[in-house]
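Going down the list, the protein sequences come from chains A and B. Going by the working numbering, the first residue of the first sequence is number 8, and it counts up by one from there. Going by the working numbering, the first residue of the second sequence is number 36, and it counts up by one from there. Ideal placement from N, C-alpha and C gives every residue a C-beta, glycine not left out. Everything numeric in this text was worked out from a predicted model, so none of it was measured.
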Amino acid sequence: MFTFENFLFLLQGVPNTLAISFLSFALGFALGIPTALVKQFSPFGLGHVADAYISVMRGIPVLVIMLLFHFGMAGIIPVFKSAFLSATFALGLRSGAFQSQIFRGAINSVGRQQMMAATSLGMNRWQAFRHVILPQAFIVALPGLGSEIALLIKDSSYAFVLGVLELTKYSDIVRKATRSFLYPYLIAAILYIMITFPVANYLDRLGSRLKTKYGLR
Amino acid sequence: MGEVILACEGLKKRYGDLWVLKGIDFEIERGQTKVIIGPSGSGKSTFLRLMGLLEPPTEGKIYFEGKDVYGSGLDLNMLRAKIGFVFQEPSLFRHLTALGNVKLGPKVVLKMKDEEAERKAMDALKTVKLEEWAHHYPAQLSGGQQQRVGIARALAMDPDIILFDEPTASLDIELTWEVIDVMKDLARRGVTMLVVTHELGFAKEVADEILFMDDGRIIESGPPEELLKNPKTPRAREFLRRLIGGV
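Right under this line is the structure:
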C-alpha cells in the first residue's frame with residue numbers, strides 16, 4: 008500500500024536532486040563561457056582543446072562518466088569517493104560542453120556590428136566582450152539555458168545508480184518497501200515535471216521578454 | 036595651415052582578388068569638414084573604416100597627428116578612442132539605455148568615474164538634443180534618434196575627429212533632417228569631420244572640400260561650389276546629374 012507517509016518519505020529525495028542539478032549547472036556555466044570564448048578566439052591554438060572537450064562530452068553517456076569517476080577514478084582523485092560529487096562533476100562537465108555551444112550560438116547572434124562599434128570606441132577585445140557582447144549573448148542564451156537546466160534535473164536521476172539518495176533512488180526504495188510498482192515512480196515523474204517546468208518556462212519567458220525589450224533577434 | 040589630424044598615403048585595400056581601394060592620398064586638418072561622395076561600390080565605406088582604424092590597409096600608410104599608425108607600434112585602441120565613428124547601420128548597444136551607450140566609452144576606455152562619465156554623457160546627449168530620451172533603450176528610439184545617440188556616443192570621447200559613414204542612408208527624409216541638423220551644428224562648432232553622405236545640402240553648407248570617389252580612387256576634389264557646379268571629370272558630372280536630377 009502506498010500511503011501519504013510514503014509520499015512524504017519520497018519527498019526527501021528532492022533536495023539532493025535539486026542540489027546535483029543546480030551545482031552541476033553552476034559548474035557547467037563556469038566552464039561553458041570560457042570554453043565558448045576559447046573556441047571563438049582560439050588563444051595559443053587552444054581552440055582544438057575546446058573542440059576535443061566538446062566532442063568527448065558529446066560522445067560519452069553521462070552515466071558512463073559518472074561510473075568512471077566514482078568507481079574508476081576514486082583512487083586517483085579523492086573527491087570521487089563521494090557518489091554525490093562524482094555525479095555532480097560528471098553532469099557539470101558535460102553541461103560545460105553543452106553550455107559552451109549555447110553561448111557560442113548566442114555570441115554569434117549578437118553580430119559583428121556591435122563588436123565594430125565597441126572597437127571604434129577604443130575598447131580592446133576583452134572589454135568589448137565583457138561590456139557589449141556577453142550581456143546581450145546572455146539574454147539570447149536564456150531559453151537554451153532553460154532547456155539545459157531541465158536536462159540536468161532529469162539526468163541527475165542517473166546518480167541513483169551510484170547510490171546517491173535523490174528522488175529516483177527514494178522512489179525505488181519506496182517501491183521495494185511497499186511493493187507498489189506504479190505510484191512511487193508516478194509520483195517521482197510528477198515531481199520531476201513540477202521542478203523542471205517552472206524553471207525552464209521562466210527562463211523561456213524571461214528570454215523572450217528581454218529580447219523584445221532590447222530589440223534583440 | 037592647421038594641424039593635420041588624419042592623413043593617408045598610397046592607401047590600398049584588397050579583399051581576396053578584388054582591389055577595393057587602389058591608392059588614396061588624403062589629409063584633413065583640425066576644424067575642417069570634408070565630404071566624400073561617389074557611386075556605391077566606389078570604396079567610400081572601406082576608405083572610412085580604414086581611416087577609423089577598424090581594418091588594416093593592404094598597402095600604404097595612415098598617419099594620425101603625424102604619426103605613422105601601423106608603422107610605429109602605436110596602441111591602436113588608444114588611437115581609436117580619439118577617432119569617433121558613426122555607422123550607417125544601427126549600432127547602438129541594445130542592452131543599454133541611450134545614456135548607458137554614451138557613457139560606456141568614457142567609463143571603460145577613458146577610465147572616468149561613474150559620475151564624471153555620466154556628466155560627460157549627458158552633455159553629449161544635450162548637444163544632440165536628446166537629454167530627455169537618456170533613459171530609453173535603442174529599441175524605443177526612432178532611427179534618427181538612434182543615429183543622434185550614436186553621434187553623442189562618439190562625442191563623449193572628446194575625439195579629435197569624427198568619421199560618418201552615410202549616417203542617414205537608412206533613414207526616412209524627416210529623420211534625415213534631424214540628423215543632418217545635428218551634424219551641421221557640430222561642423223559650425225569646429226568639430227573635425229569626415230563624412231560620407233549624399234546630402235548635398237549639408238556638403239554645400241558646411242564642407243570645406245568635397246571628394247569624389249570612383250572605383251577605389253579619389254578622382255576629383257575641390258570646394259563644394261566648384262565641384263558641385265563644375266565637375267571636371269565626366270564620371271563626377273554624370274554622377275551629380277543623376278543625384279540631383281534623380282534620374
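Within chain B, the residues whose beta carbon sits less than 8 Å from that of Y221 of chain A are R129, H130, Y172, P173, A174, listed in sequence order. Here the segment 91 to 108 of chain A does not lie against the segment 188 to 199 of chain A, with fewer than 3 beta-carbon pairs under 8 Å apart.
Within the DSSP secondary-structure output, V39 of chain B pairs in a beta bridge with B:E64.
Taking CB atoms only, A116 of chain B has a neighbour in chain A less than 8 Å away. With 16 or more other CB atoms across the displayed protein chains lying within 10 angstroms of its CB, M248 of chain B is buried. Neighbourhood of V39 of chain B in chain A, by CB distance below 8 Å: empty, with the nearest CB roughly 21 Å away. Straight across, the Cα-Cα distance linking I245 of chain B with K69 of chain B is about 6 Å. The contact set of G140 of chain B on chain A, defined by CB atoms closer than 8 Å, consists of L128, G129, M130 in chain order. G39 of chain A has its alpha-carbon roughly 14 Å from the corresponding atom of L149 of chain A. The Cβ-Cβ distance between V163 of chain B and A187 of chain B falls below 8 Å. At a cut-off of 8 Å between C-beta atoms, N265 of chain B does not count as an interface residue with respect to chain A. The C-beta of I146 of chain A comes closer than 8 Å to at least one C-beta of chain B. Short of 7 Å from the beta carbon of K267 of chain B, and not among the five residues preceding or following it, lie these beta carbons of its own chain, in chain order: E255.
By the neighbour-count criterion, in which a residue is buried when 16 or more other Cβ atoms sit within 10 angstroms of its Cβ, V71 of chain A is exposed. Taking a 10 Å sphere around the C-beta of T219 of chain A, we find fewer than 16 other C-beta atoms and assign the residue as exposed. Counting along the chain, V121 of chain B sits inside the beta strand (DSSP E) bounded by residues 118 to 121. Cβ-Cβ distances below 8 Å link G140 of chain B to A116, R188, A191, M192 in the same chain, with the five nearest sequence neighbours on each side left out; the list follows chain order.
Contact between the segment 10 to 27 of chain A and the segment 171 to 178 of chain A is present: three or more C-beta pairs spanning the two stretches fall below 8 Å. Between the C-alpha atoms of G58 of chain B and G78 of chain B there is a straight-line separation of about 11 Å. Interface annotation, A113 of chain A: not in contact with chain B, CB-CB separation never under 8 Å.
With contacts defined by Cβ atoms closer than 8 Å, I63 of chain B and T227 of chain B form a contacting pair.
When DSSP reads this structure, I97 of chain B sits in a beta bridge with B:C43. Closest option to R49 of chain B, judged by alpha-carbon separation, among B:I71, B:G66, B:F82: B:F82. Its Cα nearest to that of S126 of chain B, the residue B:P202 stands out among B:L53, B:P202, B:E90, B:R270. Contact check for L85 of chain B and L46 of chain B: beta-carbon distance about 6 Å, within the 8 Å limit, so the pair qualifies. For V206 of chain A against A157 of chain A, the beta-carbon gap comes to about 7 Å, under 8 Å, which counts as contact.
Bounds of the beta strand (DSSP E) holding G257 of chain B are 252 to 257. Between the alpha carbons of G214 of chain A and V121 of chain B lies a gap of roughly 30 Å.
For A43 of chain A, none of the residues of chain B pass the 8 Å Cβ criterion, the least Cβ distance being about 18 Å.
Secondary structure in the segment 48 to 119 of chain A: no beta strand (DSSP E) run of 3 residues or longer lies completely within the stretch. According to the DSSP secondary-structure assignment, I40 of chain A is paired through a beta bridge with no residue.
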